[in-house]
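In the numbering used here, the protein residues as written are 3 to 396.
As C-alpha coordinates, this is what we get:
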(Lines of atoms letter the chains of each structure in order from A and count residues from 1; the text may use other names and numbers.)
(Lines give C-alpha, C1' and ligand atoms only; values in the text may rest on other atoms or scores of the structure.)
Protein backbone atom coordinates (compact mmCIF):
# COMPACT_ATOMS: atom_id res chain seq x y z
CA UNK A 1 0.00 0.00 0.00
CA UNK A 2 1.15 3.54 -0.79
CA UNK A 3 0.67 6.21 1.86
CA UNK A 4 -1.68 9.01 0.83
CA UNK A 5 -2.88 12.42 1.98
CA UNK A 6 -6.32 13.89 1.35
CA UNK A 7 -6.63 17.68 1.28
CA UNK A 8 -10.02 19.33 1.88
CA UNK A 9 -10.97 22.96 1.34
CA UNK A 10 -14.57 23.63 2.37
CA UNK A 11 -16.30 26.87 1.37
CA UNK A 12 -19.78 28.17 2.03
CA UNK A 13 -21.26 26.24 -0.91
CA UNK A 14 -18.39 24.11 -2.16
CA UNK A 15 -15.98 21.35 -1.15
CA UNK A 16 -12.71 21.02 -3.05
CA UNK A 17 -10.50 17.99 -2.63
CA UNK A 18 -7.13 16.61 -3.68
CA UNK A 19 -5.46 13.26 -3.07
CA UNK A 20 -1.67 13.02 -2.94
CA UNK A 21 0.45 9.87 -2.90
CA UNK A 22 3.75 9.76 -1.03
CA UNK A 23 6.18 8.00 -3.35
CA UNK A 24 9.94 7.79 -2.80
CA UNK A 25 9.80 10.81 -0.54
CA UNK A 26 7.86 12.88 -3.09
CA UNK A 27 4.28 14.08 -2.64
CA UNK A 28 2.50 13.61 -5.96
CA UNK A 29 -1.02 14.58 -6.97
CA UNK A 30 -3.23 11.61 -7.87
CA UNK A 31 -6.84 12.91 -7.76
CA UNK A 32 -8.62 16.24 -7.53
CA UNK A 33 -12.09 17.68 -7.90
CA UNK A 34 -14.90 19.49 -6.19
CA UNK A 35 -18.53 19.60 -5.25
CA UNK A 36 -20.17 22.97 -5.82
CA UNK A 37 -23.59 24.56 -5.52
CA UNK A 38 -24.24 22.52 -2.38
CA UNK A 39 -27.48 24.35 -1.57
CA UNK A 40 -28.74 25.25 -5.05
CA UNK A 41 -27.77 22.93 -7.93
CA UNK A 42 -25.13 20.53 -6.62
CA UNK A 43 -22.54 19.21 -9.05
CA UNK A 44 -19.62 16.85 -8.55
CA UNK A 45 -16.56 16.15 -10.66
CA UNK A 46 -13.53 14.03 -9.80
CA UNK A 47 -10.45 13.86 -12.02
CA UNK A 48 -7.02 12.31 -12.24
CA UNK A 49 -3.96 14.53 -11.91
CA UNK A 50 -3.80 14.90 -15.71
CA UNK A 51 -7.45 15.92 -15.98
CA UNK A 52 -9.16 12.68 -16.95
CA UNK A 53 -12.69 12.64 -15.54
CA UNK A 54 -13.29 9.69 -13.22
CA UNK A 55 -16.70 10.65 -11.93
CA UNK A 56 -19.42 13.25 -12.48
CA UNK A 57 -22.81 13.72 -10.89
CA UNK A 58 -25.45 16.45 -10.84
CA UNK A 59 -28.40 16.72 -8.50
CA UNK A 60 -31.73 18.37 -9.39
CA UNK A 61 -31.96 22.15 -9.10
CA UNK A 62 -32.96 23.14 -5.59
CA UNK A 63 -31.56 19.99 -4.00
CA UNK A 64 -30.09 20.73 -0.57
CA UNK A 65 -27.05 18.46 -0.57
CA UNK A 66 -25.17 20.44 2.07
CA UNK A 67 -21.74 19.67 3.43
CA UNK A 68 -22.89 16.45 5.07
CA UNK A 69 -24.18 15.08 1.77
CA UNK A 70 -21.06 16.32 -0.01
CA UNK A 71 -18.81 14.50 2.45
CA UNK A 72 -20.82 11.29 2.04
CA UNK A 73 -20.59 11.47 -1.76
CA UNK A 74 -16.87 12.28 -1.65
CA UNK A 75 -16.19 9.41 0.76
CA UNK A 76 -17.88 6.96 -1.60
CA UNK A 77 -15.89 8.33 -4.55
CA UNK A 78 -12.59 8.03 -2.69
CA UNK A 79 -13.41 4.49 -1.56
CA UNK A 80 -13.89 3.55 -5.21
CA UNK A 81 -10.83 5.32 -6.63
CA UNK A 82 -8.05 5.02 -4.07
CA UNK A 83 -7.24 1.33 -4.45
CA UNK A 84 -3.65 0.73 -3.41
CA UNK A 85 -3.57 3.93 -1.35
CA UNK A 86 -3.76 4.10 2.44
CA UNK A 87 -4.96 7.50 3.62
CA UNK A 88 -2.75 8.42 6.55
CA UNK A 89 -3.52 12.13 6.81
CA UNK A 90 -6.33 14.56 5.99
CA UNK A 91 -5.22 18.16 5.70
CA UNK A 92 -7.73 20.98 6.02
CA UNK A 93 -7.48 24.60 4.99
CA UNK A 94 -8.64 26.65 7.97
CA UNK A 95 -8.78 30.39 7.43
CA UNK A 96 -8.18 31.63 10.96
CA UNK A 97 -5.76 30.40 13.59
CA UNK A 98 -5.72 33.57 15.66
CA UNK A 99 -2.60 34.41 17.66
CA UNK A 100 -2.59 30.96 19.22
CA UNK A 101 -1.93 28.81 16.13
CA UNK A 102 1.23 29.78 14.29
CA UNK A 103 1.79 26.40 12.62
CA UNK A 104 -0.24 23.37 11.47
CA UNK A 105 -1.85 21.39 14.27
CA UNK A 106 -3.14 17.86 14.79
CA UNK A 107 -6.91 17.90 15.27
CA UNK A 108 -8.97 16.40 18.07
CA UNK A 109 -12.26 17.49 19.70
CA UNK A 110 -10.49 19.83 22.14
CA UNK A 111 -8.53 21.58 19.36
CA UNK A 112 -11.68 21.88 17.25
CA UNK A 113 -13.38 23.64 20.14
CA UNK A 114 -10.50 26.12 20.37
CA UNK A 115 -10.75 26.83 16.65
CA UNK A 116 -14.47 27.51 16.98
CA UNK A 117 -13.56 30.52 19.14
CA UNK A 118 -12.28 32.23 15.96
CA UNK A 119 -15.64 32.02 14.15
CA UNK A 120 -16.45 35.69 14.98
CA UNK A 121 -13.16 36.70 13.31
CA UNK A 122 -14.01 34.89 10.07
CA UNK A 123 -17.78 34.31 10.11
CA UNK A 124 -18.08 33.51 6.41
CA UNK A 125 -15.16 31.07 6.29
CA UNK A 126 -14.37 29.44 9.62
CA UNK A 127 -17.67 27.57 10.21
CA UNK A 128 -17.46 25.95 6.77
CA UNK A 129 -13.78 25.07 7.21
CA UNK A 130 -14.52 23.33 10.50
CA UNK A 131 -17.61 21.36 9.47
CA UNK A 132 -15.80 18.54 7.58
CA UNK A 133 -13.38 18.24 10.51
CA UNK A 134 -16.28 17.71 12.89
CA UNK A 135 -17.95 15.19 10.58
CA UNK A 136 -14.75 13.19 10.20
CA UNK A 137 -14.07 13.20 13.94
CA UNK A 138 -17.60 11.91 14.51
CA UNK A 139 -17.08 9.21 11.86
CA UNK A 140 -14.09 7.83 13.77
CA UNK A 141 -11.68 8.08 10.84
CA UNK A 142 -8.29 6.52 11.52
CA UNK A 143 -6.45 9.08 9.43
CA UNK A 144 -4.79 11.94 11.30
CA UNK A 145 -6.54 15.24 10.66
CA UNK A 146 -4.39 18.37 10.41
CA UNK A 147 -5.48 22.00 10.29
CA UNK A 148 -3.36 24.35 8.15
CA UNK A 149 -4.00 28.06 8.66
CA UNK A 150 -4.18 30.95 6.23
CA UNK A 151 -3.00 33.24 9.02
CA UNK A 152 0.03 31.23 10.18
CA UNK A 153 2.56 32.52 7.61
CA UNK A 154 2.05 36.05 8.93
CA UNK A 155 2.43 35.32 12.64
CA UNK A 156 6.14 36.16 12.68
CA UNK A 157 5.59 39.70 11.47
CA UNK A 158 6.92 42.34 13.85
CA UNK A 159 4.31 43.56 16.32
CA UNK A 160 4.41 47.04 14.79
CA UNK A 161 3.08 45.53 11.54
CA UNK A 162 0.28 43.70 13.34
CA UNK A 163 -0.97 46.55 15.54
CA UNK A 164 -3.89 48.88 15.06
CA UNK A 165 -3.79 52.31 16.71
CA UNK A 166 -6.28 51.17 19.34
CA UNK A 167 -5.91 50.99 23.13
CA UNK A 168 -3.26 48.47 24.15
CA UNK A 169 -5.71 46.19 25.93
CA UNK A 170 -7.55 45.67 22.62
CA UNK A 171 -4.35 44.61 20.88
CA UNK A 172 -3.60 42.26 23.77
CA UNK A 173 -7.11 40.83 23.45
CA UNK A 174 -6.45 39.84 19.83
CA UNK A 175 -7.71 42.80 17.80
CA UNK A 176 -4.82 43.04 15.37
CA UNK A 177 -3.84 42.51 11.75
CA UNK A 178 -3.74 38.77 11.07
CA UNK A 179 -3.40 38.60 7.29
CA UNK A 180 -4.68 35.76 5.13
CA UNK A 181 -3.81 33.72 2.00
CA UNK A 182 -0.76 32.62 3.96
CA UNK A 183 -0.70 29.12 2.46
CA UNK A 184 -0.46 30.65 -1.01
CA UNK A 185 2.33 33.03 0.01
CA UNK A 186 4.18 30.25 1.79
CA UNK A 187 4.09 28.12 -1.36
CA UNK A 188 5.40 30.97 -3.53
CA UNK A 189 8.19 31.59 -1.01
CA UNK A 190 9.05 27.87 -1.09
CA UNK A 191 9.57 27.82 -4.88
CA UNK A 192 10.90 31.33 -5.42
CA UNK A 193 14.55 30.24 -5.54
CA UNK A 194 13.73 28.05 -8.56
CA UNK A 195 12.80 31.18 -10.48
CA UNK A 196 14.73 34.08 -8.98
CA UNK A 197 17.40 33.27 -6.40
CA UNK A 198 18.19 36.93 -5.70
CA UNK A 199 14.55 37.69 -4.91
CA UNK A 200 14.17 34.53 -2.83
CA UNK A 201 16.89 35.80 -0.51
CA UNK A 202 15.78 39.39 -0.87
CA UNK A 203 12.55 41.36 -1.17
CA UNK A 204 9.46 40.20 -3.06
CA UNK A 205 5.91 41.50 -3.25
CA UNK A 206 3.40 38.78 -4.07
CA UNK A 207 0.01 39.62 -5.61
CA UNK A 208 -2.56 36.93 -4.71
CA UNK A 209 -5.34 38.17 -6.96
CA UNK A 210 -8.56 36.20 -7.19
CA UNK A 211 -12.14 36.50 -6.01
CA UNK A 212 -10.43 37.08 -2.68
CA UNK A 213 -7.39 39.31 -3.17
CA UNK A 214 -4.45 40.42 -1.09
CA UNK A 215 -0.76 41.23 -1.32
CA UNK A 216 2.22 40.35 0.84
CA UNK A 217 5.74 41.69 1.35
CA UNK A 218 8.06 38.68 1.66
CA UNK A 219 11.64 39.27 2.80
CA UNK A 220 14.06 36.34 2.74
CA UNK A 221 11.09 33.96 2.61
CA UNK A 222 9.21 35.49 5.55
CA UNK A 223 6.09 37.66 5.66
CA UNK A 224 6.80 41.16 6.91
CA UNK A 225 3.58 42.94 5.92
CA UNK A 226 0.30 42.16 4.16
CA UNK A 227 -2.78 44.04 2.99
CA UNK A 228 -5.46 42.02 4.77
CA UNK A 229 -5.97 42.75 8.44
CA UNK A 230 -8.30 41.64 11.22
CA UNK A 231 -10.64 40.01 8.70
CA UNK A 232 -10.51 38.85 5.10
CA UNK A 233 -12.54 41.86 3.96
CA UNK A 234 -9.68 44.33 4.45
CA UNK A 235 -7.12 45.63 1.98
CA UNK A 236 -7.64 45.35 -1.78
CA UNK A 237 -11.11 45.46 -3.33
CA UNK A 238 -12.14 41.92 -4.33
CA UNK A 239 -14.86 40.13 -6.27
CA UNK A 240 -17.65 41.11 -3.89
CA UNK A 241 -15.72 42.46 -0.87
CA UNK A 242 -15.00 46.16 -0.50
CA UNK A 243 -11.48 46.04 0.91
CA UNK A 244 -10.30 48.93 3.07
CA UNK A 245 -12.95 51.52 3.83
CA UNK A 246 -13.00 54.45 6.24
CA UNK A 247 -14.62 53.18 9.47
CA UNK A 248 -16.52 56.45 9.50
CA UNK A 249 -18.42 55.27 6.43
CA UNK A 250 -19.80 52.36 8.45
CA UNK A 251 -20.78 54.66 11.30
CA UNK A 252 -22.51 56.92 8.78
CA UNK A 253 -24.44 53.98 7.31
CA UNK A 254 -25.62 52.99 10.78
CA UNK A 255 -26.58 56.51 11.83
CA UNK A 256 -27.99 57.91 8.59
CA UNK A 257 -29.29 54.83 6.79
CA UNK A 258 -30.30 52.76 9.78
CA UNK A 259 -28.21 49.77 8.73
CA UNK A 260 -27.48 47.19 11.42
CA UNK A 261 -24.45 44.91 11.69
CA UNK A 262 -25.94 42.19 9.49
CA UNK A 263 -26.88 44.64 6.74
CA UNK A 264 -23.37 46.11 6.78
CA UNK A 265 -21.90 42.62 6.73
CA UNK A 266 -23.90 41.81 3.60
CA UNK A 267 -22.82 45.09 2.01
CA UNK A 268 -19.08 44.77 2.61
CA UNK A 269 -18.80 41.02 1.95
CA UNK A 270 -21.36 40.36 -0.79
CA UNK A 271 -22.43 43.57 -2.57
CA UNK A 272 -19.22 45.54 -2.98
CA UNK A 273 -15.89 45.06 -4.74
CA UNK A 274 -15.87 44.52 -8.51
CA UNK A 275 -19.54 43.56 -8.41
CA UNK A 276 -20.62 46.68 -6.54
CA UNK A 277 -18.47 49.10 -8.52
CA UNK A 278 -19.41 47.69 -11.92
CA UNK A 279 -23.02 46.75 -11.24
CA UNK A 280 -22.37 43.89 -13.68
CA UNK A 281 -20.28 41.06 -12.30
CA UNK A 282 -17.68 40.02 -9.75
CA UNK A 283 -15.85 38.08 -12.48
CA UNK A 284 -12.82 39.89 -13.86
CA UNK A 285 -13.22 38.14 -17.21
CA UNK A 286 -16.75 39.46 -17.68
CA UNK A 287 -15.61 42.99 -16.87
CA UNK A 288 -12.72 42.82 -19.33
CA UNK A 289 -15.16 41.78 -22.07
CA UNK A 290 -17.72 44.46 -21.20
CA UNK A 291 -18.03 47.82 -22.97
CA UNK A 292 -19.80 49.38 -19.99
CA UNK A 293 -18.07 52.40 -18.46
CA UNK A 294 -18.51 51.12 -14.92
CA UNK A 295 -16.87 47.82 -15.83
CA UNK A 296 -13.74 49.66 -16.92
CA UNK A 297 -13.91 51.89 -13.86
CA UNK A 298 -14.10 48.88 -11.53
CA UNK A 299 -11.04 47.26 -13.12
CA UNK A 300 -9.12 50.52 -13.13
CA UNK A 301 -9.84 51.04 -9.44
CA UNK A 302 -8.84 47.46 -8.61
CA UNK A 303 -5.50 47.94 -10.39
CA UNK A 304 -4.98 51.42 -8.93
CA UNK A 305 -5.37 50.06 -5.41
CA UNK A 306 -2.99 47.18 -6.12
CA UNK A 307 -0.35 49.56 -7.49
CA UNK A 308 -0.81 51.80 -4.47
CA UNK A 309 -0.39 48.87 -2.08
CA UNK A 310 2.72 47.79 -3.98
CA UNK A 311 4.32 51.12 -3.11
CA UNK A 312 3.37 50.69 0.54
CA UNK A 313 4.73 47.14 0.78
CA UNK A 314 7.94 48.07 -1.04
CA UNK A 315 8.44 50.84 1.53
CA UNK A 316 8.22 48.36 4.42
CA UNK A 317 11.23 46.50 2.97
CA UNK A 318 13.16 49.51 1.75
CA UNK A 319 12.78 48.40 -1.85
CA UNK A 320 11.80 45.39 -3.91
CA UNK A 321 13.72 42.88 -6.03
CA UNK A 322 10.78 41.09 -7.65
CA UNK A 323 7.02 40.99 -7.90
CA UNK A 324 4.99 37.82 -8.38
CA UNK A 325 1.43 37.45 -9.67
CA UNK A 326 -0.53 34.38 -8.62
CA UNK A 327 -4.08 33.00 -8.08
CA UNK A 328 -6.99 33.17 -10.54
CA UNK A 329 -6.72 36.76 -11.77
CA UNK A 330 -3.00 37.09 -11.18
CA UNK A 331 -2.21 33.98 -13.22
CA UNK A 332 -4.74 34.51 -16.02
CA UNK A 333 -5.27 38.23 -16.68
CA UNK A 334 -2.56 39.92 -18.76
CA UNK A 335 -4.74 43.05 -18.74
CA UNK A 336 -4.76 43.38 -14.96
CA UNK A 337 -1.03 42.65 -14.70
CA UNK A 338 -0.22 45.27 -17.32
CA UNK A 339 -2.44 47.92 -15.73
CA UNK A 340 -0.76 47.41 -12.35
CA UNK A 341 2.81 47.32 -13.64
CA UNK A 342 2.33 50.36 -15.85
CA UNK A 343 1.67 52.27 -12.64
CA UNK A 344 4.77 50.73 -11.06
CA UNK A 345 7.25 51.85 -13.71
CA UNK A 346 8.78 54.19 -11.12
CA UNK A 347 10.12 51.09 -9.34
CA UNK A 348 12.14 50.22 -12.42
CA UNK A 349 9.79 47.51 -13.67
CA UNK A 350 9.91 47.21 -17.45
CA UNK A 351 7.07 44.96 -18.66
CA UNK A 352 7.74 42.51 -21.49
CA UNK A 353 4.44 42.92 -23.31
CA UNK A 354 4.83 39.81 -25.45
CA UNK A 355 5.70 37.59 -22.49
CA UNK A 356 2.85 39.05 -20.45
CA UNK A 357 0.33 38.27 -23.18
CA UNK A 358 1.42 34.64 -23.46
CA UNK A 359 -0.69 32.10 -21.64
CA UNK A 360 1.59 30.36 -19.23
CA UNK A 361 3.80 31.02 -16.28
CA UNK A 362 7.10 32.77 -16.72
CA UNK A 363 9.08 35.96 -16.31
CA UNK A 364 7.14 38.91 -17.71
CA UNK A 365 9.74 41.65 -17.32
CA UNK A 366 12.48 42.53 -19.79
CA UNK A 367 16.19 41.90 -19.31
CA UNK A 368 16.61 45.65 -18.71
CA UNK A 369 14.09 45.70 -15.86
CA UNK A 370 15.58 46.64 -12.48
CA UNK A 371 12.84 44.64 -10.73
CA UNK A 372 11.87 41.23 -12.06
CA UNK A 373 8.19 40.40 -12.59
CA UNK A 374 6.89 36.83 -12.59
CA UNK A 375 3.72 34.81 -13.03
CA UNK A 376 3.93 31.75 -10.78
CA UNK A 377 0.97 29.44 -10.15
CA UNK A 378 0.17 28.91 -6.50
CA UNK A 379 -0.50 25.48 -5.03
CA UNK A 380 -2.12 25.76 -1.62
CA UNK A 381 -3.22 22.11 -1.75
CA UNK A 382 0.35 20.86 -2.08
CA UNK A 383 1.40 23.16 0.75
CA UNK A 384 -1.32 21.67 2.96
CA UNK A 385 -0.29 18.14 1.98
CA UNK A 386 3.32 18.87 2.90
CA UNK A 387 2.29 20.27 6.29
CA UNK A 388 -0.06 17.38 7.02
CA UNK A 389 2.61 14.81 6.19
CA UNK A 390 5.14 16.58 8.40
CA UNK A 391 2.70 16.63 11.34
CA UNK A 392 1.96 12.91 10.94
CA UNK A 393 5.67 12.07 10.94
CA UNK A 394 6.63 14.48 13.71
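Ideal Cβ placement from N, Cα and C applies to all residues, glycine included.
Keep in mind it's a predicted model, so treat the numbers as computed, not measured.
Own chain partners of residue i with C-beta closer than 6 Å, once the 5 adjacent residues on each side are dropped
i	result
residue 280	289, 296, 297, 300
residue 241	213, 275, 276, 284
residue 127	97
residue 186	210, 380, 382
residue 229	216, 217, 237, 238, 311
residue 234	182
Minimum C-alpha distance to residue i - residue among the options
i	options	result
residue 87	33, 354, 124	33
residue 291	76, 335, 309, 256	335
residue 346	315, 328, 330	315
residue 84	253, 48, 199, 246	48
residue 6	147, 70, 169	147
residue 222	188, 231, 390	188
residue 150	333, 371, 12, 313	12
residue 54	45, 101, 302, 35	35
residue 322	190, 364, 200	200
residue 101	344, 327, 232	232
residue 51	79, 278, 21, 387	21
residue 287	338, 349, 71	338
For residue j and residue i, the rounded distance between their alpha carbons
i	j	result
residue 141	residue 38	23 Å
residue 368	residue 357	9 Å
residue 261	residue 251	11 Å
residue 392	residue 159	23 Å
residue 244	residue 27	43 Å
residue 64	residue 43	6 Å
residue 255	residue 247	12 Å
residue 303	residue 138	43 Å
residue 331	residue 258	36 Å
residue 113	residue 136	11 Å
residue 90	residue 143	10 Å
residue 178	residue 263	20 Å
Same chain, Cβ closer than 8 Å to residue i, five either side skipped, listed in chain order
i	result
residue 10	17, 18, 19, 92, 93, 94, 95, 134
residue 4	23, 24, 25, 86, 87, 88
residue 226	159, 160, 163, 219, 220, 318, 319
residue 15	38, 39, 40, 41, 42
Residue i: first and last residue of the uninterrupted alpha helix (DSSP H) it sits in
i	result
residue 221	That residue, residue 221, is in no alpha helix (DSSP H); its beta strand (DSSP E) goes 215–221.
residue 282	Counting along the chain, residue 282 falls outside any alpha helix (DSSP H), and DSSP gives it neither H nor E.
residue 24	It is not in any alpha helix (DSSP H) - residue 24 instead sits in the beta strand (DSSP E) that spans 16–25.
residue 173	170–174
residue 471	The chain is shown from 3 up to 396; residue 471 falls before or after that span and cannot be answered.
residue 246	Premise fails: residue 246 is in no alpha helix (DSSP H) and is neither H nor E.
Residue range of the unbroken beta strand (DSSP E) whose run includes residue i
i	result
residue 326	324–328
residue 91	87–96
residue 52	Segment: none, residue 52 is in no beta strand (DSSP E) and carries neither H nor E.
residue 37	28–38
residue 151	146–151
residue 374	374–377
residue 5	4–12
residue 318	Note, residue 318: premise wrong, no beta strand (DSSP E); alpha helix (DSSP H) at 295–319.
residue 227	224–228
Residues of its chain near residue i, where Cβ-Cβ distance is below 7 Å and the 5 sequence neighbours each way are ignored
i	result
residue 340	353, 358
residue 129	121
residue 198	324, 374, 376
residue 117	96, 132, 149
residue 195	202
Practice item. Count the CB pairs spanning the region 165–177 and the region 104–114 that are closer than 8 Å, and state whether there are at least three. Key: no
Practice item. Could you tell me whether the region 146–162 touches the region 198–214, using the rule of 3 or more Cβ pairs below 8 Å? Key: no
Review point. Are the region 47–60 and the region 72–84 in contact at 8 Å, needing three or more beta carbon pairs?
Key: yes
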